[in-house]
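Undergrad:
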Amino acid sequence: MSGFRHLGDSLVHQGYIWHVAVGRFEAPDGTTFERDVVRSPGAVAAVPLIFDAEGNPSVVLVRQYRAPYDQYVLEIPAGMRDIDDEPTELTAYRELIEEVGLQAGRLEPLTQFFPSAGMTDSVLHLFLATELLAVEQQLHGPEEQHLEVVHLPFDEALAMVERGEIRDAKTIIGLLLVARRLERGDLATQGIDPVVEPDG
């Protein structure tokens, strides 16, 4: 349907994970053009959902420094696909342990999406994590060494999205998708013990 052709890339910058290229393309009418493209291995993220004894859901987030914005950002645990050929589920499982010290007994795919389709070829794989067991964190890098784990009632996290207090796209998408699942009542709440009590 598109009729567009990718003619090739010229490397501009090779980073540790990403690289920046000038892509050459041909339009359906034969016109050629160039676009700056950030090539990325993609990323994973997970919504860690916990139910208390009454079946009330809560979510575990992280508040960590994000250099491009020069500020702390409240978000779900996430990480780059920085190990070649590692399954996305395993990357998500590993990131949950590293960032928030939670081992997921169950990981369900929620969706895959393009975080910035006009700039990068990155694909983010989003999961729901349940049946969580508290384990030791395995923090890496200065940002993670200074992150804060934030455990909130799910309704409060959703209200923060609506108030514009949570601005991270993957977190907004993940919370809204899980909210839809909760509305439909198709998430099991029996036999899941809370690993920590929600803040506040």
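For the sequence shown, position 71 matches number 71 in UniProt numbering, and the numbering has no gaps at all.
Here a beta-carbon is modelled for each residue, glycine too, at the ideal position from N, C-alpha and C.
Treat the numbers as computed from the prediction; the structure is a model and nothing was measured.
Buried or exposed: where does P57 fall if 16 or more other Cβ atoms within 10 Å of its Cβ makes it buried?
TA: With 16 or more other Cβ atoms within 10 Å, it is buried.
Undergrad: Does the stretch 75-85 come within contact of the stretch 34-51, defined as at least 3 CB pairs closer than 8 Å?
TA: yes
Undergrad: So, helix, strand or coil for A169, using DSSP?
TA: helix
Undergrad: My output table needs one value for L187: the three-state DSSP class, helix, strand or coil.
TA: Coil.
Undergrad: Using the Cα positions of R167 and F51, report the straight-line distance between them to the nearest angstrom.
TA: 25 Å
Undergrad: Is DSSP giving E98 helix, strand or coil here?
TA: helix
Undergrad: Could you say if the stretch 160-179 and the stretch 115-130 meet the contact criterion of at least three C-beta pairs nearer than 8 Å?
TA: yes
Undergrad: Could you work out which residue in D155, S122 and L139 is closest to V20 when comparing CA atoms only?
TA: Here the closest residue by C-alpha is S122.
Undergrad: Tell me, which residues are paired with H13 by DSSP?
TA: In the DSSP output, where bridge partners are listed per residue, H13 has V20.
Undergrad: Please identify the residue among L74, A27, S116 and E108 whose C-alpha is closest to the C-alpha of D186.
TA: In terms of CA proximity to D186, E108 leads the group L74, A27, S116 and E108.
Undergrad: Rank P41, I173, A92 and V149 by C-alpha distance to the C-alpha of L158 and give the top, closest one.
TA: Closest by alpha carbon: I173.
Undergrad: Any idea what DSSP makes of A134, helix, strand or coil?
TA: Strand, per DSSP.
Undergrad: At a threshold of 8 Å, does F4 count as lining the ligand NAP (C-beta to nearest heavy atom)?
TA: Within the structure as shown, the ligand NAP is missing, as the structure has no ligands at all.
Undergrad: Between the C-alpha atoms of Q112 and P87, what's the straight-line distance to the nearest angstrom?
TA: Computed Cα separation, rounded: 14 Å.
Undergrad: When burial is assigned at 16 or more other CB atoms within 10 Å of the CB, is S40 buried or exposed?
TA: Around the beta carbon of S40, 16 or more other beta carbons sit within 10 angstroms, so the residue counts as buried.
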